[in-house]
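Colleague: According to my numbering, the stretch in the sequence shown is residues 580 to 645, in order. By construction, the Cβ of each residue, glycine as well, lies at the ideal position given by its N, Cα and C atoms. From a predicted model like this one, the values you see are computed outputs, not experimental measurements.
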Amino acid sequence: MRVTVDEDKCCGAGQCVLIAPEVFDQREDDGIVMLLEHEPGEDRHVAVREAAAVCPGAAIEVSDKA
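Pasting the structure below:
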C-alpha cells in the first residue's frame, strides 16, 4: 500500500489522525494533515483505508504499491 495526501484538499477535520495516528498527524499551526508513513505496514491497511473513506476533503489517496 502507498498513501499520498493532498494538503490543498485537507480541511483539518482530523478524522485521519483519530483513526490512524501512526500514519497521520496534523500541523500545529493550521491542522493540515501530515503523512508520517508513505507505505504503512499491513497491520495498518484497514485503518488507513477507513481514514481515506471518511476524509471530508478527499485529501487521502490509497493505492496498491507498484
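(1) Tell me whether LEU614 sits in a helix, a strand or coil according to DSSP, three-state version.
(2) For my contact list, ALA630 and GLN594 are in at a C-beta cut-off of 8 angstroms; report their separation, rounded to the angstrom.
(3) My guess is that GLN605 and ILE598 are in contact by the Cβ rule of under 8 angstroms, so how many angstroms apart are they, rounded?
(4) How long is the line joining the alpha carbons of LYS644 and GLU607, rounded to whole angstroms?
(5) Between which two residues does the alpha helix (DSSP H) harbouring ARG628 extend?
Modeller: For this structure:
(1) strand
(2) 7 angstroms
(3) Contact check for GLN605 and ILE598: beta-carbon distance about 13 angstroms, past the 8 angstroms limit, so the pair fails to qualify.
(4) 30 angstroms
(5) 624-633
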